[in-house]
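Protein chains in written order, with this note's numbering: chain R, 3 to 355; chain X, 3 to 355.
Backbone N, C-alpha and C define an ideal beta-carbon position, used for all residues, glycine too.
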């Protein structure tokens with residue numbers, strides 16, 4: 003196994019259309035493209051910070067940790083943190099680089115343990131870490147990423163470390179909640195939003211509130227940053243639900259219908275379940291509840307989702323959360339970075355991968 | 003599943019013979035028994051601190067975390083930390099309670115993930131956490147214990163948090179190293195001691211060095227504390243190897259021969275391997291290397307260990323490490339607590355469970 007880690011963040015790694023929705027128009031594109039090189043540099047610094055702390059005495063552990071971190075991904079969190087820091091007036095994002103690296107490592111650690119729990123074979127177009135390195139190494143690599151994240155966080159005041167810690171506790175709770183509701187559509191939207199709040203939204207909220215705190219912003223702005231992050235996180239997750247059924251698996255780098263297979267009651271499945279009439283509703287519930295689903299079962303589930311017309315309503319809901327995110331930004335002074343943040347919220351709700 | 007957590011640490015939970023070797027004589031027993039109530043109170047405070055931080059919004063996570071922590075165990079680490087703190091002159095161990103809770107949670111987290119990796123069914127006389135709560139909850143509960151540990155550690159200066167973090171990184175490295183050497187006796191003692199150093203000794207060393215630092219002891223005393231912890235940890239592990247073959251499974255609360263089954267090359271197996279003559283050596287190596295071993299295979303391995311006479315030499319080695327531990331204590335002022343620490347090192351090397 004050679005180390006596939008490539009720590010570089012070349013400008014090519016961060017085209018604008020990865021971050022924002024496709025519909026922003028030429029004028030804005032020109033304006034935002036101008037600020038992109040700054041964020042690319044920020045991202046490269048965060049990447050370097052992450053790579054710096056991942057070295058272990060035992061090379062196979064370094065390899066596994068870097069493999070997990072090098073899968074590219076959209077690196078939405080560090081970009082959001084850097085953009086917010088600049089939107090709040092920072093000219094140098096150095097003070098938040100270690101924290102951004104910490105949050106990115108925490109995010110990666112949970113993906114690794116999720117892949118163990120979900121038996122995921124693919125992640126971003128290549129074998130998942132448990133698939134590539136085996137289950138024992140995947141478990142301890144996840145632990146290792148957590149540990150390095152906390153070491154990075156320890157550069158900050160206790161209040162920031164606690165924001166990190168509470169976000170991690172939320173993540174874990176979200177995972178447990180999700181486990182408790184698998185293959186069951188009856189827990190409904192309340193359960194769904196409780197899971198999303200903890201599993202996806204809390205860490206984005208904590209990361210952005212921490213940036214505002216480090217920049218010395220007043221509590222109202224810290225709250226606004228958290229609110230923006232939370233709403234964007236929810237929009238992002240709802241879009242994720244849609245992509246798992248309507249996305250392009252070649253672009254996503256993993257097969258569709260993972261949520262059907264794992265029995266995750268997504269907003270799309272819940273909306274479908276609630277919209278269908280008696281017989282088809284019962285069929286959807288029965289098929290969804292199967293612990294093992296044949297390709298035929300998956301296609302029938304997809305056909306029922308199609309028939310229910312749920313996807314348009316769910317896409318609307320994602321956009322409502324994006325809009326809510328942009329409203330949280332109204333307390334920030336106007337700047338190209340604020341505009342970028344607004345459009346990143348729209349991008350979260352409309353992205354194709 | 004009802005919550006089996008019982009946070010109390012009654013004096014009955016900490017009889018002296020759990021901590022020290024049986025051979026200390028009546029005079030010393032009387033002297034040490036006198037200081038025991040202080041440590042029992044310290045331990046109760048540490049337990050309370052641990053229970054305080056384990057509450058989660060989702061009760062099943064709280065249950066799982068408390069299940070992992072309530073298995074009793076010897077709680078050697080918190081006792082060592084409190085005894086050292088007092089040996090260094092502290093009258094109130096309050097300042098180290100959160101740290102002792104943190105180290106105990108880290109230790110517990112790694113046991114939980116070890117039980118996942120090793121497919122362990124039993125731990126201390128009852129079902130292991132993965133067995134009782136399922137694999138997904140076991141993985142995230144381990145994460146949760148790590149997170150709460152770091153939150154506790156964040157009460158301390160950065161240097162202490164980093165000692166925690168580095169000990170965790172060592173633990174993870176130890177686990178990876180151990181994985182890499184399974185079913186293979188040829189890596190030898192060097193590999194064995196590298197694993198033990200990281201997997202068992204480093205965290206005891208870090209815990210005790212941290213106590214000395216918090217108490218304001220000079221660097222030489224911090225180093226002595228670390229050295230004592232490291233040597234005691236090695237003695238403890240070597241004794242563990244012996245108990246896995248020669249212990250009483252009813253007292254240990256888990257079946258014997260776990261290391262044979264999992265292919266862990268213990269010092270006992272290495273000593274056996276090196277001592278046997280050609281044919282029996284080849285037989286031992288072949289049987290040890292089997293991924294699945296029948297009861298007959300296990301009994302034959304045991305018979306070969308018996309025949310080699312390795313156990314007496316390995317027991318000697320454990321005592322040498324205990325002695326090395328006691329020599330590290332020579333820089334400390336004389337006190338009943340120092341005497342207890344000395345005898346806890348002997349206890350680690352001679353314990354029956």
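C-beta contact flag for residue i and residue j at 7 Å
i	j	result
residue 147 of chain R	residue 104 of chain R	no
residue 99 of chain X	residue 47 of chain X	yes
residue 130 of chain R	residue 352 of chain R	no
residue 230 of chain R	residue 330 of chain R	yes
residue 175 of chain R	residue 343 of chain X	no
residue 143 of chain R	residue 66 of chain R	yes
residue 247 of chain R	residue 323 of chain R	no
residue 262 of chain R	residue 301 of chain R	no
residue 364 of chain R	residue 185 of chain R	An answer regarding residue 364 of chain R cannot be provided, because it is not within the stretch 3 to 355 covered by chain R.
residue 355 of chain X	residue 253 of chain X	yes
residue 242 of chain R	residue 269 of chain R	no
residue 319 of chain X	residue 347 of chain X	no
residue 290 of chain X	residue 306 of chain X	no
Three-state class that DSSP yields for residue i in the structure shown
i	result
residue 297 of chain X	helix
residue 14 of chain X	Confidence in residue 14 of chain X is poor, its pLDDT being 43 and thus under 50, which makes the residue's placement unreliable; the coordinate value appears in the next sentence. Residue state, collapsed to three classes: helix.
residue 184 of chain X	coil
residue 128 of chain R	strand
residue 256 of chain R	coil
residue 6 of chain X	Because the pLDDT of residue 6 of chain X is 40, which lies under 50, any placement of that residue in the model is unreliable, and the number read from its coordinates should be weighed accordingly. DSSP places residue 6 of chain X in coil when its eight states are reduced to three.
residue 136 of chain R	coil
residue 355 of chain R	coil
residue 72 of chain X	coil
residue 378 of chain R	For chain R, the structure presents residues 3 to 355; residue 378 of chain R sits outside this window and is missing.
residue 23 of chain X	coil
residue 334 of chain X	coil
residue 92 of chain R	coil
residue 106 of chain R	helix
Boundaries (first-last residue) of the alpha helix (DSSP H) holding residue i
i	result
residue 203 of chain R	Unbroken run through residue 203 of chain R: none, as it is neither H nor E.
residue 276 of chain R	269-277
residue 316 of chain X	312-330
residue 156 of chain R	No alpha helix (DSSP H) contains residue 156 of chain R, which DSSP labels as neither H nor E.
residue 31 of chain X	28-55
residue 123 of chain R	Element bounds for residue 123 of chain R: n/a, residue is neither H nor E.
residue 60 of chain R	Here residue 60 of chain R belongs to no alpha helix (DSSP H), and DSSP marks it neither H nor E.
residue 77 of chain X	Taken as a continuous stretch (DSSP letters only), residue 77 of chain X belongs to no alpha helix (DSSP H), as it is neither H nor E.
residue 265 of chain X	Where residue 265 of chain X is concerned, there is no enclosing alpha helix (DSSP H), given that its DSSP letter is neither H nor E.
residue 338 of chain X	338-352
residue 247 of chain R	221-248
residue 291 of chain X	280-291
residue 197 of chain X	190-198
Inter-residue spacing [alpha-carbon to alpha-carbon] between residue i and residue j
i	j	result
residue 71 of chain X	residue 308 of chain R	48 Å
residue 210 of chain X	residue 109 of chain X	14 Å
residue 279 of chain X	residue 311 of chain X	12 Å
residue 198 of chain X	residue 122 of chain R	32 Å
residue 124 of chain X	residue 113 of chain X	12 Å
residue 221 of chain X	residue 215 of chain X	8 Å
residue 26 of chain R	residue 111 of chain R	33 Å
residue 60 of chain R	residue 52 of chain R	17 Å
residue 273 of chain R	residue 69 of chain X	37 Å
residue 314 of chain X	residue 120 of chain X	28 Å
residue 34 of chain X	residue 163 of chain X	32 Å
residue 250 of chain R	residue 258 of chain R	8 Å
residue 189 of chain R	residue 276 of chain R	12 Å
residue 45 of chain R	residue 38 of chain R	10 Å
residue 159 of chain X	residue 115 of chain R	30 Å
residue 77 of chain R	residue 81 of chain X	44 Å
residue 92 of chain X	residue 238 of chain X	26 Å
residue 132 of chain R	residue 87 of chain X	42 Å
residue 281 of chain X	residue 288 of chain X	11 Å
residue 172 of chain R	residue 194 of chain R	14 Å
Closest residue to residue i among the options (Cα-Cα distance)
i	options	result
residue 233 of chain X	X:252, X:251, X:202	X:202
residue 200 of chain R	R:188, R:191, R:178	R:178
residue 41 of chain R	R:84, R:64, R:150	R:84
residue 325 of chain R	R:291, R:349, R:28, R:198	R:349
residue 207 of chain R	R:222, R:226, R:194	R:226
residue 336 of chain R	R:170, R:30, R:90	R:90
residue 29 of chain X	X:228, X:126, X:341	X:341
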